[in-house]
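Mapping of the sequence shown onto the working numbering: residues 109 to 237, in sequence order.
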Amino acid sequence: MTTIKRLGIWMDHSSAHLVEYPIGPMEEIITSKFTHEEKEVSLSNSEHHMHNKEQHEQASFYRQLGEAIKNYEEVLLCGPTDAKQELYNILREDHLFENIKIDVKPADKLTDSQLHAFVKAHFSKTAMK
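Written out as structure tokens, the structure reads:
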């Protein structure tokens, strides 16, 4: 019997916390390069420049997450902002992700242990279906 590779990701627009299920050795945090300080500097130059830089950095952030997701068969995207839905929409447009089951759920800010429990509860339910 083969084990399905599953990944839970709690994310907002600035960072993503990745957790394997069953809880394995892989736990990673990916952060966007567009920080608050970066935004202040960009705003002082011009708003147009700031928006371009923000879009570029956000796309890079989502590409990093996509690279991590490619190695899994089932993925849970969760978090408090629209970032999870934005990433989901980007992944659905890319044929490389068409065989990966991706679920999206809202979630408030979670501690590490809460995130592990949230991911475990989600994948335990999907395993029973």
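Glycine included, C-beta positions come from ideal geometry on N, C-alpha and C.
Going along the chain, which residues of its own chain have a beta-carbon closer than 6 Å to the beta-carbon of residue i, five neighbours each way excluded?
i: residue 124; result: 117, 138, 173
i: residue 177; result: 183
i: residue 211; result: 184
Are residue i and residue j closer than 8 Å when you measure CB to CB?
i: residue 209; j: residue 175; result: no
i: residue 170; j: residue 195; result: yes
i: residue 127; j: residue 224; result: yes
i: residue 129; j: residue 233; result: no
Start and end of the alpha helix (DSSP H) containing residue i?
i: residue 195; result: 191–200
Here's a check: name, in chain order, each residue in its chain whose Cβ is nearer than 7 Å to the Cβ of residue i, leaving out the five neighbours to either side.
i: residue 189; result: 120, 121
i: residue 113; result: 179, 180, 181
i: residue 187; result: 118, 119, 120, 215
i: residue 164; result: none
Closer than 8 Å by C-beta to residue i: which residues in its own chain qualify, once you throw out the five before and the five after it? Chain order, please.
i: residue 199; result: 174, 177, 205, 208, 210
Can you tell me where the beta strand (DSSP E) with residue i in it begins and where it stops?
i: residue 122; result: Careful: residue 122 lies outside any beta strand (DSSP E) and carries neither H nor E.
i: residue 181; result: Per DSSP, residue 181 belongs to no beta strand (DSSP E) and is neither H nor E.
i: residue 135; result: 135–139
i: residue 214; result: 209–214
Among the options, whose alpha-carbon lies nearest the alpha-carbon of residue i?
i: residue 168; options: 192, 111, 140, 135; result: 140
i: residue 220; options: 130, 135, 115; result: 135
i: residue 192; options: 201, 202, 213; result: 213
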